[in-house]
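Letter 141 of the sequence shown, counting from 1, is numbered 143 in the numbering used here, and no numbers are missing. A short worksheet on the structure shown next.
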Amino acid sequence: MVVRKKIRIGDLLVSEGIISEDQLMTALQTQKSSGGKLGRTLIDLDYITEDRLLEFLSRQLQVPLVDLRLFKFDGELVKLIPETLARRFRVVALTREANHLLVGMADPTDIFALDKLTSLLNQPVEPAVVRESDLLRSLDTVYRRTDEIENIAEELGEELAQTDFNLAELLPDSQLEDAPVVRLLQTLFEDAVQVGASDIHIEPDETVLRIRQRIDGVLHEQVMKEKRIAAALVSRLKLMSGLDISERRLPQDGRFNIRVKGKSIDIRLSTMPLQYGESVVMRLLDQSGGLLRLDHIGMPPHILARFRRFIHQPHGIVLVTGPTGSGKTTTLYGALNEMNQPEKKIITVEDPVEYRLPRINQVQVNTKVGLTFASVLRTALRQDPDVVMVGEMRDKETAEIGLRAAMTGHLVLSTLHTNDSISTALRLLDMGAEGYVVASSLQAVLAQRLVRRVCTSCSEVDPLDAQQRSWLKEALGTEEIPPGFKKGRGCSQCGNTGYHGRIGVFELLEIDTALADALRRNDSAGFARTAQGQEHFISLADCALEYARQGITTMEEVVRVAGQVDELEPVEETL
3 MVVRKKIRIG DLLVSEGIIS EDQLMTALQT QKSSGGKLGR TLIDLDYITE DRLLEFLSRQ
63 LQVPLVDLRL FKFDGELVKL IPETLARRFR VVALTREANH LLVGMADPTD IFALDKLTSL
123 LNQPVEPAVV RESDLLRSLD TVYRRTDEIE NIAEELGEEL AQTDFNLAEL LPDSQLEDAP
183 VVRLLQTLFE DAVQVGASDI HIEPDETVLR IRQRIDGVLH EQVMKEKRIA AALVSRLKLM
243 SGLDISERRL PQDGRFNIRV KGKSIDIRLS TMPLQYGESV VMRLLDQSGG LLRLDHIGMP
303 PHILARFRRF IHQPHGIVLV TGPTGSGKTT TLYGALNEMN QPEKKIITVE DPVEYRLPRI
363 NQVQVNTKVG LTFASVLRTA LRQDPDVVMV GEMRDKETAE IGLRAAMTGH LVLSTLHTND
423 SISTALRLLD MGAEGYVVAS SLQAVLAQRL VRRVCTSCSE VDPLDAQQRS WLKEALGTEE
483 IPPGFKKGRG CSQCGNTGYH GRIGVFELLE IDTALADALR RNDSAGFART AQGQEHFISL
543 ADCALEYARQ GITTMEEVVR VAGQVDELEP VEETL
């Protein structure tokens, strides 16, 4: 058995002249109060950089320095170390060598962790130095709950096969808190939160059950053979949402709150009857982090400054537009959060209320009892508001009330499901609103999309294909292709997708005198031409292209956004 010796990292750093004796004493005092590792304490005190410390440890201990951002993990090898121990000791299995297992460690001097792993695995273990932040991100990626979800699903399937009872009737019993269906849902939510999923889809098919998670706007699928567990999952979710578990023929909507991995998650749930059962889609809203401020949602400074000017005006209507999942709600709540002052009365009409805001009067629409957008909006205007937020202008009546409220001294914020800012104003005319009313009320339209960010851990120069080059030449009007385009190669940090996270792209259209005149004349073609020629107007495609030039997103994402915008470009009419 190898006998490991305790290494005094502080003394070694002093002897090498990397830190001073005084700095070591200060770090040791700080470490006593914080209880952390000495290396992390030295980094936090800015006595040494993390990269220099890692290089020093690698050289001093004669162990390899591994960049986990570029490392390809072996899923089976990783599972040799239980997740609890991996997180406790900050370790991850890397490779199996001829006579030992190589493990990445944030602190390769931790001889207790090495001895514990050697005993657990019953084989020699040797350390490699890795960056702690990369290690923590890698643990979230490599220890996915997919296998656990499948194992619990199999257990639940076997349990259902052996019983004849009605699970929907028994689920409320508190004795079933440890039942497989409950553990399956808990594991499913933990996995979704761990990977940052925004939605969970549960979809029964003819012979299988599909569970899909939307991560960075893209669905990732897991297929399970235990199709019969779908009814048990749906029943339990209905109970948690306060829905009717006996109603399987009609769609239902509900919500509930859970705590997962130390976070408060609000779940919005929607059911829909399908041919082979009921589909459930759940939107996950993280309530623990608080609301994003406007200056934290990625809006370019020149657009943010102009948008702020409009939301602080005393009256008029400001619209935020884009397809479902484009971040409209985040922008609106950011604006409300900024305007939320004691001297302002703010009322919102929403379906559903997604985030609870202090001081703001929020009303949940309920069409079953006649509480529609239009009826609530009429009542809200009698409540002496300064600002009214309408979740969505879905019909002519709601649009007309909102527009007239903006003409009578109220600031109105709302959304429309359109593809760009230019078509938004024209959509109001199509809904039956009078041109002169739109011209007098509408102040600005903010259109937005979300594009995926290039993973910074594996980004590389993107050579661009022929189609992208052709599109770029046409968009720029020149044969010269500017440098700076990047794409992700795929690594452990991004789940081999090449993308990690998303960022908003925006276009802001200000309704000036020329545009207002076009609206009064119902001149759709003239409105579109004038808007595109506006001095400060930058289209969604141009905003996305600027991000691509900076290496933030890819040309593939730019072309996707441009394609969506082109679909709903205003059609010229013959007047």
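Beta carbons are placed, not taken as given, at the ideal position from N, Cα and C, and that holds for glycine. Predicted model, so just to flag it, every value in this text is computed and none were measured.
Legend entry - Simplified DSSP state of D180, which is helix, strand or coil: Only weak support is given to the placement of D180: the predicted model assigns it a pLDDT of 46, under 50, and the value that follows is read from those uncertain coordinates. Note: D180 maps to coil in three-state DSSP.
Legend entry - Residues of its chain near E340, where Cβ-Cβ distance is below 8 Å and the 5 sequence neighbours each way are ignored: If we look at E340 and ignore the five residues flanking it on each side, its Cβ neighbours are R295, L296, R310 and I313.
Legend entry - Exposure of F114, with buried meaning 16 or more beta-carbon neighbours within 10 Å: By the C-beta density criterion, F114 is exposed, having fewer than 16 other C-beta atoms within 10 angstroms.
Inset, instruction - For A407, collect the residues of the same chain with a Cβ closer than 7 Å to its Cβ; drop the 5 residues on either side in sequence, then sort them by chain order. - result: Closer than 7 Å at Cβ, skipping near neighbours: L383, V390 and V414.
Inset, instruction - Select from L221, S328 and L96 the residue whose C-alpha is nearest the C-alpha of T417. - result: Nearest option by C-alpha distance: S328.
Inset, instruction - With DSSP collapsed to three states, give me the class of D353. - result: The answer is coil: DSSP assigns D353 none of H, G, I, E or B.
Inset, instruction - Along the alpha helix (DSSP H) that carries F309, what are the first and last residues, could you check? - result: Per DSSP, the unbroken alpha helix (DSSP H) holding F309 starts and ends at P303 to I313.
Legend entry - Presumed contact (8 Å Cβ cut-off) between L40 and Q33, rounded CB distance: Rounded, the Cβ-Cβ distance is 5 Å, consistent with contact.
Inset, instruction - Rank L239, L321, T143 and N101 by C-alpha distance to the C-alpha of P125 and give the top, closest one. - result: Strictly speaking, residue 125 in this sequence is Gln, with Pro absent from that position. Selected option, being the one with the closest Cα: N101.
Legend entry - Sequence-distant residues of its chain with Cβ nearer than 6 Å to R522 (five each side left out): So the list reads G437, Y438 and A441, once near-sequence residues are dropped.
Legend entry - Residue from Q469, L221, E462 and A546 with nearest C-alpha to A449: The shortest C-alpha separation from A449 is found at A546.
Legend entry - Coarse secondary structure for S328, derived from DSSP in three states: Residue state, collapsed to three classes: coil.
Inset, instruction - Assign L373 to one of three DSSP states: helix, strand, or coil. - result: Here L373 sits in strand by DSSP.
Inset, instruction - Confirm, please, whether the CB-CB distance from N421 to P325 is below 8 Å. - result: The Cβ atoms of P325 and N421 sit closer than 8 Å to each other.
Inset, instruction - Go through the region 26-56 residue by residue and report every complete run of the alpha helix (DSSP H) that reaches 4 residues or more, in order. - result: Correct list: 40-46.
Inset, instruction - Give the secondary structure of T273 by DSSP, where H, G and I count as helix, E and B as strand, and everything else as coil. - result: Secondary structure of T273 (DSSP, three-state): strand.
Legend entry - Residue range of the alpha helix (DSSP H) that includes E476: Run containing E476: A468 to L478, per the alpha helix (DSSP H) assignment.
Inset, instruction - Out of D397, D464 and Q470, state which residue places its alpha-carbon closest to the alpha-carbon of G434. - result: Considering only alpha carbons, the answer is D397.
Legend entry - DSSP state of A446 mapped onto helix, strand, coil: Strand, per DSSP.
Legend entry - Distance between beta carbons of V94 and S140, contact taken as under 8 Å: Contact holds; Cβ gap of about 6 Å.
Inset, instruction - Look at the alpha carbon of D142 and the alpha carbon of P485, and state the distance between them as a whole number of angstroms. - result: Computed Cα separation, rounded: 34 Å.
Legend entry - Chain-order list of residues whose beta-carbon lies under 8 Å from that of V378 (same chain, five-residue window excluded): For V378, the CB contacts under 8 Å within the same chain, skipping 5 residues up- and downstream, are V351, V365 and V367 in chain order.
Legend entry - Cβ neighbours of L466 in the same chain (closer than 8 Å, five flanking residues each side left out): Within the same chain, L466 has close Cβ partners L474, I483, F487 and M557.
Legend entry - Alpha-carbon spacing of D386 relative to E228, whole angstroms: Taking the straight line joining both Cα atoms gives about 56 Å.
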